[in-house]
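*Asks:* Offset between the sequence shown (1-based) and the numbering used here: plus 22.
The beta carbon of each residue, even a glycine, is placed where N, CA and C say it ideally should be.
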Amino acid sequence: MALEPRFTLAQLRDFRAGTRRQSAQEALIIDRTKLEAFAAQENGDVGIALVQLGGAIVWQSRVSLDDYLFSQDDLSDLLPPDFQVARMAFAERLTQCRDWLHFRPELGPDMADVGGCIVDLIAIGQAANAAELCKVSRQVLDETGYGWQVFWRNRRGTRPEIPDEEFPKQKLLPFAHELIAAQAGEEIDWEALFLKAEPGYISAARSVMSTDMAKVKAAVDALCDLHITFTTPNPDGNLRALEGYEIDTWHHMLWPTTVFAYLRVRQAHGLELPALDHPLLRQTMGQFPPRPFKTQELPEWYLSALDALGKADPNFSDLRSLVTRENIL
23 MALEPRFTLA QLRDFRAGTR RQSAQEALII DRTKLEAFAA QENGDVGIAL VQLGGAIVWQ
83 SRVSLDDYLF SQDDLSDLLP PDFQVARMAF AERLTQCRDW LHFRPELGPD MADVGGCIVD
143 LIAIGQAANA AELCKVSRQV LDETGYGWQV FWRNRRGTRP EIPDEEFPKQ KLLPFAHELI
203 AAQAGEEIDW EALFLKAEPG YISAARSVMS TDMAKVKAAV DALCDLHITF TTPNPDGNLR
263 ALEGYEIDTW HHMLWPTTVF AYLRVRQAHG LELPALDHPL LRQTMGQFPP RPFKTQELPE
323 WYLSALDALG KADPNFSDLR SLVTRENIL
């Protein structure tokens, strides 16, 4: 297997250039308009608002990455906008988990997506928010199981069942939960939760507090290889978690947050960092920042949307305080 990233920085710039970039900007404007209209109402449909909020975050992620890639070449004093998007995505993922617990207890949300958000939050140093989302998603796992696996295992009708032994091993969610558990000296029994985990991510996460630097270096290199292996190979992003690929968003293709999350945990506990010489880390977005990223002000339309969600459903009344709290390591 080649160790070079599937996409170079130049290729990623080409993918996001031209009409695609314009389409992303236009979609962001549309979604923001819908959200602002929702926030202006006294009451609103929470489910629709969550969909719109999620859409706005996705499109803002793409536009922000464009601005970053097209204008920046140096990480010495830079805050890539997509690190900020991770904090914005936290609210959407948390509300999604809560929404499923309250309204669809028989089926949990797509935990691969939730796991990716927890990893991003750990990578930028937002330990408290990561722990909050980890707590709620664990509750979903305990009460409903891993959503997609339960769905396909129990479904009847239009498609045949996918036997457990054929279901793809899960990656980002187990990795995120194991990273947090390892800091308390704990390990998670995934078989008891009826979830098949990718062994490489589990073993890497469980080594995060190790003082054996050879073991730590091997874990970082393994995470880099796993990132390349499970990055969606199609630039259009047609493959998803059900096909075994979980790293399928534009900003994650070259932004190895699984590696950054591992390193950030060690940094937070004053543990030595290994040599970072894997080819995946020898490109602009693969350079681990020596300090957690600074916090930017969130846009007013986004804060208004969070307030409106809290008014529409008391279960979400604390969203704004969770998102805006300072919890940088």
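I need the DSSP call for Thr233, collapsed to helix, strand or coil.
*Replies:* In this structure, Thr233 counts as coil in the three-state DSSP scheme.
*Asks:* For Ile269, list the residues DSSP reports as bridge partners.
*Replies:* Thr253
*Asks:* With DSSP as the reference, label Pro305 as helix, strand or coil.
*Replies:* A quick correction: the sequence has Gln, not Pro, at residue 305. Correct three-state label for Gln305: coil.
*Asks:* So, using beta-carbon positions, are Arg115 and Leu155 closer together than 9 angstroms?
*Replies:* yes
*Asks:* Look at Arg120 and Phe338 and say whether their C-beta atoms are less than 9 angstroms apart.
*Replies:* yes
*Asks:* Suppose contacts are defined by Cβ-Cβ distances below 9 angstroms. Is Gln271 in contact with Val80 by that definition?
*Replies:* According to the sequence shown, residue 271 is Thr rather than Gln. It is a contact, given that the beta carbons lie within the stated cut-off.
*Asks:* Reducing DSSP to helix, strand and coil, say where Ala203 ends up.
*Replies:* Correct three-state label for Ala203: helix.
*Asks:* When DSSP labels each residue in this structure, what does Pro336 get in the three-state scheme?
*Replies:* Looking at Pro336 - three-state DSSP - the assignment turns out to be helix.
*Asks:* Rounded to the nearest angstrom, how far is the Cβ of Leu303 from that of Val287, given a contact under 8 angstroms?
*Replies:* With 8 angstroms as the limit, Leu303 and Val287 do not qualify as a contact, their Cβ atoms being about 17 angstroms apart.
*Asks:* Give the straight-line distance between the Cα atoms of Ala118 and Pro131, rounded to the nearest whole angstrom.
*Replies:* For the record, residue 118 in the displayed sequence is Gln; it is not Ala. Those two C-alpha atoms are separated by around 7 angstroms.
*Asks:* Do His274 and Gln205 come within 9 angstroms of each other at the CB atom, strictly closer than that value?
*Replies:* no
*Asks:* Roughly how many angstroms separate the alpha carbons of His124 and Ala297, rounded to a whole number?
*Replies:* 46 angstroms
*Asks:* Going by the CB atoms, is the gap between Ala214 and Pro196 shorter than 9 angstroms?
*Replies:* no
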